[in-house]
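Participant: Encoded as structure tokens, here's the structure I'll be asking about.
There are 2 protein chains.
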Amino acid sequence: MPRPQADTDATREMLLETAEQIIKERGAISFTVSELAAACGMSQSNIYRFFPSKEALWEAMAERWFRELIEIMEDVVNSGDPPRDKMIAFFGRRVDLKRARYAADPALFESYMELGSEHFEVVRGYVDLGDHYLAIIVADAMEDGYFPGLDIDRTVSLINIMMQPFCNPELMMQMLDTLSEEKLEQVVDTILAGLSARPPADETNRPPLSIAH
Amino acid sequence: MPRPQADTDATREMLLETAEQIIKERGAISFTVSELAAACGMSQSNIYRFFPSKEALWEAMAERWFRELIEIMEDVVNSGDPPRDKMIAFFGRRVDLKRARYAADPALFESYMELGSEHFEVVRGYVDLGDHYLAIIVADAMEDGYFPGLDIDRTVSLINIMMQPFCNPELMMQMLDTLSEEKLEQVVDTILAGLSARPPADETNRPPLSIAH
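As given, the protein sequences belong to chains A and B, one line each in that order.
Numbering of the first sequence is given in numbering that gives the first Met the number 0, commencing with residue 0 and proceeding in unit increments.
Numbering of the second sequence is given in numbering that gives the first Met the number 0, commencing with residue 0 and proceeding in unit increments.
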């Protein structure tokens, strides 16, 4: 007889909460499914009935971390706000959430960051999803006349470079004291105005640099 | 009889090279003066004749790492180039140097980064020195009419936020594939044009964010 779905969900949730507690207390680097099994008093094969592979467990933990961040991005993208407001909310609301999570439990926050470094193949899809939502905002802004002469991918890449402290969680926590709502607005305004301006003619004799791609 | 200065310098250099080798092979986190003493076959008290404290040893290692980076910054600041060229060279030439160091020896590069995290009080002065040089370039740019209505400290802070991938070495190595000379120029042009533009009037009803400082 198949287990009722509600029981399965409750067990999965219990396993994820236990996994969270383990990485919080012992760090994420050495965390394994067998450690989770031991902590729950379950056999490893029983755990695999709820998460069919260790990758499925990492994915469920990532899904738990990113769920609310994705809701924010969808909410912002689907709002009828002007591009400037969307840009500010897109980064600012996620900074707020990450700041709140860090304040609530710094050790857990750092363990999730460590887990993400260990299993970056799982995080990669969420990074790409963030770029996807940002690309929608950039396309909206282009319809309003921003970023003339630039394509969407290039614009997204340049915005990501200039916005790192507002989107890279490790960097954000390092720079938290220097980041403010006012500076976020100034950076967004700089991007919107500066990436919409014609670059000055390059009439210099600076020696070439080798940063080449 | 005092030791000849040349002998002292040679021994200090040998100790620094050995220290470099140790952090490269075993990481910087557990590195101690007694480990250095053991590796050189010297007593700890003998090492203290060359570096009077462990702090003096960390400082000498930091000086070794930053020497050439400071030369670049001084060279750029003292050049007669226009502000745009100075900004590009200020960041670009240091990216080139760090990229070359990373390519030459990734393990040593990462060990120095780890050493810097472990002893950030030593690195702090060099970060401030970088801000000092950037402030001189910003002041030059202001004389040319850039950044109207902004003060130097605020401008330096905003530039540091937008330039993180071009100055934070850990982030730089993570993003190396996406950074290019052309993007550096586009970011500098965005900063110069965007921070010199009047921000648009804020006529929105966006909910307030809590990023507040």
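Each residue gets a CB set at the ideal place from its N, CA and C atoms; glycine is no exception.
No experiment lies behind these values; they were computed from the predicted model shown.
(1) Kindly provide the ranges of any alpha helix (DSSP H) runs that are 4 or more residues long and lie completely inside the region 70-137 of chain B, ordered along the chain.
(2) Counting only C-beta atoms, is Ala27 (chain B) closer than 9 Å to chain A at any point?
(3) I'd like the span of the alpha helix (DSSP H) that includes Leu183 (chain B), first residue to last.
(4) Looking at the structure shown, is Pro168 (chain B) part of a helix, part of a strand, or coil, going by DSSP?
(5) What are the start and end residues of the alpha helix (DSSP H) that includes Asp152 (chain A)?
(6) Should Gly129 (chain B) be flagged as near chain A, meaning a C-beta pair shorter than 9 Å?
(7) Taking the continuous alpha helix (DSSP H) assigned at Ala5 (chain A), which residues delimit it?
(8) Which one of A:Asp130, A:Lys85 and A:Met174 has the shortest CA to CA distance from Lys97 (chain A)?
(9) If Asp36 (chain A) and Ile46 (chain A) are in contact, beta carbons under 8 Å, what's the gap, nearest whole angstrom?
(10) Quick one: using the 10 Å Cβ neighbour count with 16 as the cut-off for buried, is Ala102 (chain A) buried or exposed?
(11) Where Glu113 (chain A) and Asp80 (chain B) are concerned, what is the direct C-alpha to C-alpha distance, given to the nearest angstrom?
(12) Counting contacts by CB-CB distance shorter than 9 Å, is Met161 (chain B) in contact with chain A?
(13) Three or more C-beta pairs closer than 8 Å, one from the region 76-90 of chain B and one from the region 132-140 of chain B: is that the case here?
(14) Are Phe165 (chain B) and Phe108 (chain B) closer than 9 Å when you measure CB to CB?
(15) Whose Cβ in chain A lies nearer than 9 Å to the Cβ of Ile190 (chain B)?
(16) Please name the residue, chosen from A:Ala38, A:Tyr111 and A:Glu54, that lies closest to Trp64 (chain A) on a Cα-to-Cα basis.
(17) Can you find the residues in the same chain that come closer than 7 Å, C-beta to C-beta, to Val121 (chain A), ignoring five residues on each side of it along the sequence?
(18) Mind checking which residues open and close the alpha helix (DSSP H) that includes Tyr47 (chain B)?
Facilitator: Let's see:
(1) Note on the region 70-137 of chain B: whole alpha helix (DSSP H) runs with a minimum of 4 residues are 82-103 and 105-117, in chain order.
(2) Within the second sequence, numbered from 1, the residue matching residue 27 (chain B) stands at position 28. Ala27 (chain B) does not count as touching chain A.
(3) What you label residue 183 (chain B) is simply residue 184 of the second sequence in a count that begins at 1. Secondary structure note for Leu183 (chain B): its alpha helix (DSSP H) is the uninterrupted segment Glu180 to Gly193.
(4) For the purposes of this step, residue 168 (chain B) is taken as the residue at position 169 of the second sequence. It is helical.
(5) Numbered from 1 along the first sequence, position 153 holds the residue referred to as residue 152 (chain A). It spans Ile151 to Met161 - the alpha helix (DSSP H) in which Asp152 (chain A) sits, taken as one unbroken run.
(6) Within the second sequence, residue 129 (chain B) is the residue found at index 130, counting from 1. So no, Gly129 (chain B) is outside the interface.
(7) For the purposes of this step, residue 5 (chain A) is taken as residue 6 along the first sequence, with counting starting at 1. Element bounds for Ala5 (chain A): Gln4 to Arg25.
(8) Sequence index remark: in the first sequence, residue 97 (chain A) carries index 98 (1-based). It is A:Met174 whose Cα lies nearest to the Cα of Lys97 (chain A).
(9) Walking along the first sequence from the start, residue 36 (chain A) turns up at place 37. Walking along the first sequence from the start, residue 46 (chain A) turns up at place 47. Checking the sequence shown, residue 36 (chain A) turns out to be Ala, not Asp. By a beta-carbon distance limit of 8 Å, Ala36 (chain A) contacts Ile46 (chain A). Their separation comes to about 5 Å.
(10) Walking along the first sequence from the start, residue 102 (chain A) turns up at place 103. Note on Ala102 (chain A): under 16 other CB atoms within 10 angstroms of its CB, so exposed under the neighbour-count rule.
(11) Walking along the first sequence from the start, residue 113 (chain A) turns up at place 114. Walking along the second sequence from the start, residue 80 (chain B) turns up at place 81. Each residue's CA atom was taken as its position, placing Glu113 (chain A) and Asp80 (chain B) some 43 Å apart.
(12) Stepping through the second sequence from its first residue, residue 161 (chain B) is reached at position 162. It does; some Cβ of chain A falls within 9 Å.
(13) The region 76-90 of chain B, when compared against the region 132-140 of chain B, does touch it at the 8 Å Cβ threshold.
(14) Reading the second sequence from its first residue, position 166 is the one you call residue 165 (chain B). Reading the second sequence from its first residue, position 109 is the one you call residue 108 (chain B). Going by C-beta atoms, Phe165 (chain B) is not nearer than 9 Å to Phe108 (chain B).
(15) If you number the second sequence from 1, residue 190 (chain B) lands on position 191. Among the residues of chain A, those whose CB is under 9 Å from the CB of Ile190 (chain B) are Met161, Thr189 and Gly193, following chain order.
(16) Along the first sequence, read from residue 1 onward, the residue named residue 64 (chain A) stands at position 65. The alpha carbon of Trp64 (chain A) has as its nearest neighbour, out of A:Ala38, A:Tyr111 and A:Glu54, the alpha carbon of A:Tyr111.
(17) Counting from one through the first sequence, the residue named residue 121 (chain A) turns up at place 122. Excluding positions up to five away in sequence, the list reads Trp57, Glu58 and Ala61.
(18) Your numbering for residue 47 (chain B) matches position 48 in the second sequence. DSSP places Tyr47 (chain B) in the uninterrupted alpha helix (DSSP H) bounded by Gln43 to Phe49.
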